[in-house]
């Protein structure tokens, strides 16, 4: 990559977490914050807080990488990472940043892995410009995840955005008699919601990457919302969501327990989640419906059936 023409003379420099925080105290999303990455420091060998500087020593872009063996990764313990910018930067700064980042990795003998946020997290072009720069410099795209979100501006006309054959299922779910409760953030409330999610994951054979202790500790630095849906006094579905930016809330986990599928509980749960966040957030990110770029077609169908929109989330290797 360094053999190609560079647009500006830019260097990458490693700085302390404290100095990085001074420069990027308000990141575009929580997973790029110093606090979140320091919370998860034990999950990697080391953390590299990097900034790029122009020929005058002026900071331009920032990136946090977690070191694990021969890999430097952003993120190392989150759904996505990416760069932050001091202010809106031009394309040339991003292309040279990719060159400098590649050289940094080669100097240390380590591979660079980046998972970019979906474009809904783009702040003044920081996602799209990095994506284009990576492609320009020949970075290898290793996966593109099928990520879905719900624009809350749709909620006032919720039914109109549902496929016609899904509207009957939704109305049936509304008549089933489900209860819905937004919980507090006490340890007992979090454990209650987590227990429902755990049953859901176990019933499908899906991994549950966050332990209850992980969730409890994370809520100390990340705003979180926990919800439970009940039927005849039994908890049958739950939601765990994080405030990842001022405009976006991300559903980390949601799901129902076995035995109630005929009542369409997830249709009603999705509706109540979107209802709750309408007016509070502009977007509800409901996360990927794929693994290593391979879509779960049933999950893709469900998210589209409740009115969500598909956006890609790409991972690259330098």
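Numbering (the numbering used here), first residue to last: 18 to 335.
The beta-carbon is built from N, C-alpha and C at its ideal position, and this holds for glycine as well.
Asked: 8 angstroms Cβ cutoff met for residue 200 and residue 245; Found: yes
Asked: Beta-carbon proximity of residue 97 to residue 83, cut-off 8 angstroms; Found: no
Asked: Whole-angstrom C-beta distance between residue 91 and residue 103, which should lie under 8 angstroms; Found: About 18 angstroms; that fails the 8 angstroms criterion.
Asked: Assigned secondary structure, residue 22 (DSSP; H/G/I helix, E/B strand, else coil); Found: With a pLDDT of only 48 at residue 22, under 50, the local geometry of the prediction cannot be trusted, and the value read off the model is given with reservation. Here residue 22 sits in coil by DSSP.
Asked: Sequence-distant residues of its chain with Cβ nearer than 6 angstroms to residue 131 (five each side left out); Found: 91 and 333
Asked: In DSSP terms, what residue 111 is bridged to; Found: Per DSSP, none; premise fails for residue 111.
Asked: Boundaries of the beta strand (DSSP E) in which residue 244 is found, first to last residue; Found: 241–248
Asked: Inter-residue Cα distance where the pair is residue 22 and residue 321; Found: Low confidence applies here, because residue 22 scores a pLDDT of 48, under 50, leaving its location unreliable and the question unanswered by this model.
Asked: For residue 193, the three-state DSSP class (helix, strand or coil); Found: coil
Asked: Beta-carbon spacing of residue 166, residue 318 below 8 angstroms; Found: no
Asked: Selection from 44, 186, 287 and 212 that minimises the alpha carbon distance to residue 274; Found: 212
Asked: Run of the beta strand (DSSP E) containing residue 257, from where it starts to where it stops; Found: 251–260
Asked: Residue 320, DSSP secondary structure in three states; Found: helix
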